[in-house]
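Just so it is clear: in the first sequence, position 274 is 274 by my numbering, and no numbers are missing.
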Amino acid sequence: MYLYNTLTGRKEEFAPLRDNTVRAYVCGMTVQDSPHVGHMRVFTVFDALFRFFKALGWDVVAVQNFTDIDDKIISKAAEEGIDWRFLADRYEQEYREVARRMNFLPLLHPRATQHIQEIVEMIQAIIDNGYAYVREGNVWFSVRKFARDYGYGKLAKMSLDEMMAGARVEPDPTKEDPLDFALWKAHKEGEPYWYSPWGKGRPGWHIECSAMSSKHLGLPLDIHGGGRDLIFPHHEDEIAQTEAATGQTFARFWMHVGLLTFRGEKMSKSLRNYFIAKEILAEYSPDTLRHLLLSAHYRSDLEFYPEKLREHAKAVARLKDALARVPEDAEEDASFRDDLHAALKDDFNTPEAFGLLFSALDSPTPSKLATVRGFLRMLGFRLGEEEKDDTLERLVALRLDARRRKDYALADTIRDVLKAVGVELMDTPEGTKVRKVR
RNA sequence: GGUGGCGUAGCCAAGCGGUCUAAGGCGGCGGAUUGCAAAUCCGCUAUUCCCGGGUUCAAAUCCCGGCGCCACCUCCA
1 MYLYNTLTGR KEEFAPLRDN TVRAYVCGMT VQDSPHVGHM RVFTVFDALF
51 RFFKALGWDV VAVQNFTDID DKIISKAAEE GIDWRFLADR YEQEYREVAR
101 RMNFLPLLHP RATQHIQEIV EMIQAIIDNG YAYVREGNVW FSVRKFARDY
151 GYGKLAKMSL DEMMAGARVE PDPTKEDPLD FALWKAHKEG EPYWYSPWGK
201 GRPGWHIECS AMSSKHLGLP LDIHGGGRDL IFPHHEDEIA QTEAATGQTF
251 ARFWMHVGLL TFRGEKMSKS LRNYFIAKEI LAEYSPDTLR HLLLSAHYRS
301 DLEFYPEKLR EHAKAVARLK DALARVPEDA EEDASFRDDL HAALKDDFNT
351 PEAFGLLFSA LDSPTPSKLA TVRGFLRMLG FRLGEEEKDD TLERLVALRL
401 DARRRKDYAL ADTIRDVLKA VGVELMDTPE GTKVRKVR
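This is the structure we're talking about:
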């Protein structure tokens, strides 16, 4: 298995370091808003990757945090006039519901606010080691000091000068150096706080991931991942904090998923060009979204547009139609499966594998199709699991009756209406077949 | 301004020195089939990979120079 490692800038052979178990940490949501399809891309990629690891015979222990305290959660809760915990919980629940529908493997989902103790201990260790200082209740990380001893910018591949050149933010007056970042923020009136050796306050961004990953997985992590936009500063700072606290290597492999784009630009809150996952899933199946999100190599940016869901729904429907004709107990074609696995073993090249899948449809044999089915299930597709739909069945019966009476106007109307919601009716010699394309 | 990445058919997207007169999906076109459709099946849909040079027996793939786009440097998956 080869994976591209952001840290080294190369594809490297990957295997878990110990116990045949992959220890992985994926940066999860800051639960300040509804998860959108851009978020889904990262989590879908890692879900499919972890499933592939299992297929290779490795165990997987993976952590995906919820960051449930930060500036935006506080300010948004204040705007809405509700408790910040209520707001964080609302979006955490929304994420969990979306994750359930997306068929994500259950992971460990620790919350930042449940690890204040570990966070405080880690900050104390950093202070004790001389890489942080306290100013008016704030604790700042000494970037230049750490840089001298360990090197800073290893992941982002940036020099301190380059970071300074781009600095656009007014530095906090209590910082010794504009590069320094907050480990602990002093309490402000009206904001939530926890007690610490440095007074009341709350954790900075970054530190919760260092604390929770070390605690739940142990160092070094085999894999640490997230969206590419987290490389700097978030992941660079996680490395700095963890190494400054423990002196140990933080993570062996760093994996970064490319961004979802809309009309060529990054999908983001500020551009307001994002699509809410829950709303997409109300109209299209999780398999369709999964297929779309895995249709480009995970490191590339991927263009998203709503009509694209329709395109992928068609593609998935074709696969399902082909698989419906193969008995469950058909033998798989080992050589074909090896080809599919070879694509994934090369830095998880899912588009390559999908290409092979559709090519197999041109010369279908039961064993090839059985392999297609096994492969898709392995990647987390649910395929044929359709829920029973009474209303749909009645409409189909009503239309059948209309056709018998040669009332084609009514029959066609029913068919058109259903088609508009992604349900295609097909009249065959064996009767009317229902095909869901969504 | 600095750093990194990308530019492949109408759209999306693999390939990254020879098996490429370039996968696959969607769309489109023609035919079989059909109450009409849909699905399915058959055939077609880039002699060419942003442009211009170069290296090589051989380049979409490497090098140089343009042009265009994007990301990060600030919160972002």
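Cβ coordinates follow ideal geometry from the N, Cα and C atoms, glycine included.
With the cut-off set at 9 Å, would you say F66 and G28 are in Cβ contact? Residue numbering aside, residue 66 sits at position 66 when the first sequence is read from its first letter. Residue numbering aside, residue 28 sits at position 28 when the first sequence is read from its first letter. Result yes, Cβ atoms of F66 and G28 sit closer than 9 Å.
Indicate whether E265 and N273 have their beta-carbon atoms separated by less than 9 Å. Translated into positions along the first sequence, residue 265 becomes position 265. Translated into positions along the first sequence, residue 273 becomes position 273. Cβ atoms of E265 and N273: closer than 9 Å.
Using 8 Å as the threshold, is the region 173-182 in touch with the region 109-122, meaning 3 or more CB pairs across them? Segment contact: the region 173-182 against the region 109-122, fewer than three CB-CB distances shorter than 8 Å; contact not assigned.
For the pair the region 205-222 and the region 17-37, tell me if three or more CB-CB distances fall below 8 Å. Touching, yes.
With H, G and I counted as helix, E and B as strand and the rest as coil, what does DSSP make of I74? Numbered from 1 along the first sequence, position 74 holds the residue referred to as residue 74. DSSP places I74 in helix when its eight states are reduced to three.
Would F141 pass as a contact of Q64 if the rule is Cβ separation under 9 Å? Residue numbering aside, residue 141 sits at position 141 when the first sequence is read from its first letter. Residue numbering aside, residue 64 sits at position 64 when the first sequence is read from its first letter. F141 places its beta carbon 9 Å or farther from that of Q64.
Where does I82 land, buried or exposed, given buried means 16+ other C-beta within 10 angstroms? By one-based count along the first sequence, residue 82 stands at place 82. By the neighbour-count criterion, in which 16 or more other beta carbons inside 10 Å mark a residue as buried, I82 falls on the exposed side.
So, at 6 Å on beta carbons, what are the nonlocal neighbours of E238 in its own chain, with the 5 sequence-adjacent residues on each side left out? Position 238 of the first sequence, counted from the first residue, corresponds to residue 238. So the qualifying residues of the chain are H206, C209 and S210.
Using only CA atoms, which one of Q32, L217 and L379 lies nearest to A78? Taking the first sequence and counting its residues from 1, the one referred to as residue 78 is at position 78. Per the C-alpha coordinates, the member of Q32, L217 and L379 positioned closest to A78 is Q32.
Three-state class that DSSP yields for V434 in the structure shown: Sequence index remark: in the first sequence, residue 434 carries index 434 (1-based). V434: strand per DSSP, three-state reduction.
Let me know the secondary structure DSSP gives Q32 once reduced to three states. To locate residue 32, count along the first sequence from 1; it is residue 32. Coil at Q32, not helix or strand.
Helix, strand or coil: which one does DSSP assign to D427? On the first sequence, position 427 is the one that residue 427 refers to. Strand, per DSSP.
Mind checking which residues open and close the beta strand (DSSP E) that includes I223? Counted from its first residue, the first sequence places residue 223 at position 223. Per DSSP, the continuous beta strand (DSSP E) segment holding I223 begins and ends at L221 to G227.
Please list, in chain order, all residues of the same chain as R51 whose beta carbon is under 7 Å from its beta carbon, the five residues on each side excluded. As a first step, residue 51 is located in the first sequence; it is residue number 51 there, counting from the start. Excluding positions up to five away in sequence, the list reads L105, M378, L379 and G380.
For Y91, which residues of its own chain have a beta-carbon under 8 Å away from its beta-carbon, when the five flanking residues on both sides are left out? Here the question's residue 91 lines up with position 91 in the first sequence. Residues of the same chain with a CB within less than 8 Å of the CB of Y91, apart from the 5 flanking positions on each side, are M29, V31, Q32, D33, S34 and P35 in chain order.
W84 lies in the beta strand (DSSP E); which residues open and close that run? Taking the first sequence and counting its residues from 1, one reaches residue 84 at position 84. Where W84 is concerned, there is no enclosing beta strand (DSSP E), although the alpha helix (DSSP H) it sits in stretches over W84 to R101.
Would you tell me roughly how many angstroms separate the C-alpha atoms of S363 and R96, rounded to the nearest one? For the purposes of this step, residue 363 is taken as residue 363 along the first sequence, with counting starting at 1. For the purposes of this step, residue 96 is taken as residue 96 along the first sequence, with counting starting at 1. Those two C-alpha atoms are separated by around 40 Å.
On the three-state DSSP scale, how would you describe R263? As a position in the first sequence, residue 263 is number 263, starting the count at 1. R263: coil per DSSP, three-state reduction.
For A132, name the three-state secondary structure that DSSP assigns. For the purposes of this step, residue 132 is taken as residue 132 along the first sequence, with counting starting at 1. Of the three classes helix, strand and coil, the one that applies to A132 here is strand, per DSSP.
Let me confirm a value: D407 is counted as buried when at least 16 other C-beta atoms fall within 10 Å, else exposed. Which label applies? Position 407 of the first sequence holds residue 407. Classification for D407: exposed.
Quick check on the DSSP output: the alpha helix (DSSP H) that includes Q241 runs from which residue to which? Translated into positions along the first sequence, residue 241 becomes position 241. Note, Q241: alpha helix (DSSP H), E236 to T246.
Which stretch, first to last residue, makes up the beta strand (DSSP E) that contains H312? For the purposes of this step, residue 312 is taken as residue 312 along the first sequence, with counting starting at 1. According to the DSSP assignment, H312 belongs to no beta strand (DSSP E) but to the alpha helix (DSSP H) extending over P306 to A324.
What is the DSSP secondary structure of P203, reduced to helix, strand or coil? Here residue 203 is taken as the residue at index 203 of the first sequence, counted from 1. Per DSSP, reduced to three states, the secondary structure at P203 is strand.
Euclidean distance between Cα positions of G258 and V120: What you label residue 258 is simply residue 258 of the first sequence in a count that begins at 1. What you label residue 120 is simply residue 120 of the first sequence in a count that begins at 1. So the alpha carbons of these two residues sit roughly 33 Å apart.
In DSSP terms, what A441 is bridged to: Examination of residue 441 is not possible in this model, given that the chain is present from 1 through 438 alone.
Going by C-alpha distance, which of G190, K145, W194 and E236 is nearest M158? In the first sequence, residue 158 corresponds to position 158, counting from 1. Minimum Cα distance to M158 is reached at E236.
Using a Cβ-Cβ cutoff of less than 6 Å, which residues in the same chain neighbour A370 once the five nearest sequence positions on both sides are dropped? On the first sequence, residue 370 is found 370 positions in, with the first residue counted as 1. Exclusion of the five residues before and after A370 leaves V326, A330 and E332 as the residues of its chain whose Cβ lies within less than 6 Å of its Cβ.
Identify, in the order they occur along the chain, each residue of the same chain with its Cβ nearer than 6 Å to the Cβ of I126, setting aside the five sequence neighbours on each side. Translated into the one-based positions of the first sequence, residue 126 becomes position 126. Excluding its 5 nearest sequence neighbours in each direction, I126 has C-beta neighbours in its own chain below 6 Å: A132, A244 and A245, listed in chain order.
Buried or exposed: which applies to A409, given that a residue is buried once 16 or more other Cβ atoms fall within 10 Å of its Cβ? The residue labelled residue 409 in the question sits at position 409 within the first sequence. With fewer than 16 neighbouring CB atoms inside 10 Å of its own CB, A409 falls in the exposed class.
Three-pair Cβ contact test at 8 Å for the region 190-204 versus the region 10-22: No, because fewer than three Cβ pairs between the region 190-204 and the region 10-22 fall closer than 8 Å, the two stretches do not touch.
Taking the alpha-carbon of A296 as reference, which of R85, F348, V396 and H234 has the nearest alpha-carbon? Along the first sequence, one-based indexing puts residue 296 at 296. For the residues R85, F348, V396 and H234, the minimum Cα distance to A296 belongs to F348.
Rounded straight-line distance, which links the Cα of L357 to that of P233: Against the first sequence, residue 233 aligns to sequence position 233. Against the first sequence, residue 357 aligns to sequence position 357. Distance from the CA atom of P233 to the CA atom of L357, rounded to whole angstroms, is 39 Å.
Buried or exposed (CB count within 10 angstroms, at least 16 for buried), D412: As a first step, residue 412 must be located in the first sequence, where it is residue number 412. Classification of D412: exposed, given that the 10 Å Cβ count is below 16.
Can you tell me where the alpha helix (DSSP H) with T44 in it begins and where it stops? The residue labelled residue 44 in the question sits at position 44 within the first sequence. That run of the alpha helix (DSSP H) goes V37 to A55.
Please say whether M255 and Y298 have beta carbons closer to each other than 9 Å? Here the question's residue 298 lines up with position 298 in the first sequence. Here the question's residue 255 lines up with position 255 in the first sequence. The answer is yes: Cβ separation under 9 Å.
Buried or exposed: which applies to M40, given that a residue is buried once 16 or more other Cβ atoms fall within 10 Å of its Cβ? On the first sequence, position 40 is the one that residue 40 refers to. Buried: at least 16 other Cβ atoms inside 10 Å.
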